[in-house]
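*Asks:* I'd like to ask you about the structure that follows.
Protein chains in written order, with my numbering: chain A, 1 to 397; chain B, 1 to 466.
Structure, rendered in structure tokens:
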């Protein structure tokens, strides 16, 4: 590995995205499980209260990851968000509905009103999880972007080469490789998010809701493991073609990395492009699998805290395996490796990366410290019974 | 105009417009409810506790949509303005990232403690959380305005050739942070949030006082709002003057449009009302304030100061940047700016009027009615302020850097809005525009309904259960 500012920032942005999936992941999971584990109105209020004080702070990880990508990798931020325009739009829309659903639901007594927002919580949580997975799958398989600088255009940067509606349909078209891989990763992500939601419900609630969550958890474990294995297998086959080897210089890679990549090239392609460090990746993948087994045991024994730790580890190991594999590519191009966004041609200037690093070093530990403190404060168990008691006490007051 | 450009501009304006329904109230009301909670813990009086709880509930309903609409903005730069984003990201992205890291986490995490922590966390922690949440909100305003201020006056930057193309790169971080245009924008906006919140509290209080219900509760609320509002609105006039002075120095074309100034003028008068014929480049109707030289004084701090007119500026810009229209729409910018200013003075009068009636406020029907119906006015003032700032910057998305006398120092950093848009298709932008518009309209209506419902219900002892 080559430790320089773009690499450090690639790790930091990955940590922020991981922070998002670990924190907002469980409340997305609770959102999907909301209607399944909670049948009566009071039970539904318990599941919402289980994430009430924290989901909003969790979503900030998403915003901050977006902001950090903008600051550290502006070329990537600009290219990716305009390329995945409609998909990102749907994710934003779902996040908007989710945010207001939590807030609005209990503000009106009518059954229709509450049912509407319950449905909105389910669909928006599901869509966010699915589409994030679909986007990751598509990015890993390579999206059709071209570097306009290669053609001498110095203003437009990396530009998406396909036009709507193909651009959107291809993301989820099971008859193309990208679309199929995107869907596979999407479904795997949804299954993981459900597992993570189960962890949280076991940790935060007791009684009927925790039991239902456990039963669901026991059912989704096997499908998740199978899907994870399939995705890993498919990812191993991914290779990127090279149009013009001369133009590989536009990747702006440091010399040693460039030589290492060049040594892997066979003919006009880079095979097993996502497995440049097979040994490290294999270790990470095995660790992810072991964590998933640990999760199953914890769920079986209704140990919420342990389950949460293990679902977190599952994701972190799996996520870092992917990050390692793709390094130093950030967004591979399906038009040719030379059009890809690497962390070296997508990054900000040294000065900006340095300034931002100082800010991150100072503030990230502070944020993690007070978020952990708030979590600790709100980590008392709740159940329909405890909520009923609270309502009665309030009525007496 | 190119369709994708047009719709992208409309979409940004529309989402910003919705976002700014919710943001200023968040900025000010978080401070007001923290203030009420402080009064409760300081005096031990139950009424302040109920006040903090009541206003915080309205705050929470409003906040959810502030977050939801703000989320769009963080990503809209990359989605619709990819060329802009890649051109400025090296500088513009940093304050946005810091805004998330420093401000949003603080705001949302401690808001959770404040809203959910009643009787669950120690009093001192609860109070601290209320204040930290409010400080977090205002810090977020600071960082986003540092970003916006840079678009208006791109200091601390140089233009470089990177492997992916030409772009602006950071040269001096502290120059970006202490950009005078950005800093005055922050005070201007934060203070506007305080005024808006004061009018909001006053207006809701007036509703109840007119009905003679919860009189003590809303009289006290109104009193806090009147004092808070008066300080903020007087302060805003001073800050507004400093802000306009900065604009005069750094964005001469914006100033010319704000004041409908076509010809170069020494000792220029303030115009109270104007109708301009933009084609003929002159004013058809012109009602000046009979204080000679006041505009020159405000803009340059010299009664005989020389101001450049739009005609001359157009010529200067053409020489530098080639053919094109360099003067923003004059009637629009003039009226957006002037109505905002008139409303600013109106708020001062409103708060003073209320304070003179304060002893017998529940019977001051005339004042209460005016206060009640004034609710939309600070919202309108905020929107018009943004319209002045953003439309007045056109045709630029990044205004070319000038020195303090309007002379252009770094022409190559100027980026035109028309060049900055993403290579999207018509159908893509129209889909997102229509669905965002429908969604935000629907959610805003639901939000207003809930706000009205809980505001008119008054304080009730009810468990915060969600």
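The C-beta atom is built at its ideal place from N, Cα and C for all residues, glycine as well. No experiment lies behind these values; they were computed from the predicted model shown.
Please classify residue 152/B as buried or exposed, where buried requires at least 16 neighbouring CB atoms within 10 angstroms.
*Replies:* Result: buried.
*Asks:* Short of 7 Å in beta carbon distance, which residues of its chain neighbour residue 262/A, apart from the five on each side in sequence? Order them along the chain.
*Replies:* Cβ neighbours of residue 262/A beyond the five flanking positions: none.
*Asks:* I'd like to check one pair, residue 28/B with residue 222/B: are the Cβ atoms closer than 9 Å?
*Replies:* Cβ atoms of residue 222/B and residue 28/B: not closer than 9 Å.
*Asks:* In or out: residue 76/B buried (at least 16 other Cβ within 10 Å) or exposed?
*Replies:* Its Cβ being crowded by 16 or more others within 10 Å, residue 76/B is buried.
*Asks:* Tell me which residues share the same chain as residue 182/B and place their Cβ nearer than 6 Å to its Cβ, disregarding the 5 neighbours each side in the sequence.
*Replies:* Answer for residue 182/B: 145, 146, 149, listed in chain order.
*Asks:* So residue 166/B contacts chain A; which residues on that side make the cut at Cβ distance below 7 Å?
*Replies:* Within 7 Å Cβ-Cβ: 154, 155.
*Asks:* Please name the residue, chosen from 356/A, 106/A, 341/A, 161/A, that lies closest to residue 249/A on a Cα-to-Cα basis.
*Replies:* It is 341/A.
*Asks:* Is it true that the CB of residue 125/A sits closer than 9 Å to the CB of residue 29/A?
*Replies:* Against a cut-off of 9 Å, the Cβ pair of residue 125/A and residue 29/A comes out as a contact.
*Asks:* Compute the distance between the beta-carbons of residue 298/B and residue 336/B, then report whether it is under 9 Å.
*Replies:* No; because the gap between Cβ atoms is not below 9 Å, this pair is not in contact.
*Asks:* Quick check on residue 295/A: does DSSP put it in helix, strand or coil?
*Replies:* In this structure, residue 295/A counts as helix in the three-state DSSP scheme.
*Asks:* Are the beta-carbon atoms of residue 131/B and residue 103/B separated by less than 9 Å?
*Replies:* Contact: no.
*Asks:* Tell me the DSSP bridge mates of residue 277/B?
*Replies:* Paired residues: 282/B.
*Asks:* Mind checking which residues open and close the alpha helix (DSSP H) that includes residue 125/A?
*Replies:* First-last of the alpha helix (DSSP H) with residue 125/A: 111 to 141.
*Asks:* I want to know whether the stretch 181 to 201 of chain A touches the stretch 354 to 371 of chain A - three or more CB-CB distances under 8 Å.
*Replies:* No, because fewer than three Cβ pairs between the stretch 181 to 201 of chain A and the stretch 354 to 371 of chain A fall closer than 8 Å, the two stretches do not touch.
*Asks:* If the criterion is Cβ atoms closer than 9 Å, does the pair residue 329/A and residue 273/A meet it?
*Replies:* Closer than 9 Å, so yes.
*Asks:* Under the DSSP definition of a beta bridge, which residues are partnered with residue 126/B?
*Replies:* According to DSSP, which records beta bridges pairwise, residue 126/B is partnered with nothing at all.
*Asks:* Let me make sure I understand the geometry here. Which of 285/B, 286/B, 318/B, 307/B has the alpha-carbon closest to that of residue 293/B?
*Replies:* Comparing Cα-Cα distances from residue 293/B to each of 285/B, 286/B, 318/B, 307/B, the minimum goes to 307/B.
*Asks:* In chain order, which beta strand (DSSP E) runs of at least 3 residues are fully inside the stretch 1 to 76 of chain B?
*Replies:* Complete beta strand (DSSP E) runs here, min 3: none at all.
*Asks:* How big is the Cα-Cα spacing for residue 1/A and residue 52/B?
*Replies:* With a pLDDT of 48 at residue 1/A, under the threshold of 50, the predicted position of this residue should be treated as unreliable, though the coordinate-derived value follows. Straight-line Cα distance between these residues: approximately 54 Å.
*Asks:* Could you please give me the residues that DSSP links to residue 161/B through a beta bridge?
*Replies:* Its beta-bridge partners are 166/B.
*Asks:* Which runs of the alpha helix (DSSP H) at least 4 residues long sit entirely within the stretch 246 to 293 of chain A? Give them in chain order.
*Replies:* Runs found: 255 to 264.
*Asks:* Grouping DSSP H, G and I as helix and E and B as strand, with all else coil, what is residue 158/A?
*Replies:* Of the three classes helix, strand and coil, the one that applies to residue 158/A here is strand, per DSSP.
*Asks:* Give me the Cα-Cα distance between residue 173/B and residue 359/A, rounded to the nearest whole angstrom.
*Replies:* Taking the straight line joining both Cα atoms gives about 12 Å.
*Asks:* Mind pulling the alpha helix (DSSP H) runs of 4 or more residues that sit fully within the stretch 4 to 76 of chain A?
*Replies:* The qualifying runs are 5 to 37, 41 to 51, 55 to 72.
*Asks:* With DSSP as the reference, identify every bridge partner of residue 266/B, one or two as the case may be.
*Replies:* According to DSSP, which records beta bridges pairwise, residue 266/B is partnered with 306/B.
*Asks:* Check each residue of the stretch 56 to 78 of chain A: if its Cβ is closer than 7 Å to any Cβ of chain B, include it; give the result in chain order.
*Replies:* For the stretch 56 to 78 of chain A, which is checked against every Cβ of chain B, the residues closer than 7 Å are 56, 57, 60, 63, 64, 66, 67, 68, 70, 71, 74, 75, 77, 78.
*Asks:* Hey, could you find the ends of the beta strand (DSSP E) residue 329/A is sitting in?
*Replies:* Its beta strand (DSSP E) spans residues 329 to 331.
*Asks:* Take the Cβ of residue 156/A as the centre, count every other Cβ of all protein chains shown within 10 Å, and call the residue buried at 16 or more, exposed below.
*Replies:* With 16 or more Cβ atoms within 10 Å of its Cβ, residue 156/A is classed as buried.
*Asks:* Measure from the C-beta of residue 465/B to each C-beta in chain A and report whether the shortest distance is under 9 Å.
*Replies:* Any reading at residue 465/B is ruled out, since the residue's pLDDT is 44, under 50, leaving its predicted position unreliable.
*Asks:* What three-state label does DSSP hand residue 101/A in the structure shown?
*Replies:* DSSP places residue 101/A in helix when its eight states are reduced to three.
*Asks:* Name the DSSP bridge partner or partners of residue 401/B?
*Replies:* Residue 401/B pairs with 410/B.
*Asks:* Rounded to whole angstroms, how far is the Cβ of residue 326/B from the Cβ of residue 313/B, which I believe are closer than 8 Å?
*Replies:* So it is a contact: roughly 7 Å between Cβ atoms.
*Asks:* For residue 368/A, which of helix, strand or coil comes out of DSSP?
*Replies:* Reduced to three states, the DSSP call for residue 368/A is helix.
*Asks:* Grouping DSSP H, G and I as helix and E and B as strand, with all else coil, what is residue 384/A?
*Replies:* In the structure shown, residue 384/A sits in a helix (DSSP, three-state: H, G or I).
*Asks:* Pull up the distance between the alpha-carbon of residue 253/B and that of residue 22/B, whole angstroms please.
*Replies:* If I take the Cα positions, the gap works out to 30 Å.
*Asks:* Residue 340/B and residue 384/B look like a contact to me (Cβ under 8 Å); what is the Cβ gap, rounded to whole Å?
*Replies:* Right, the Cβ-Cβ distance comes to about 4 Å (below 8 Å), so this counts as a contact.
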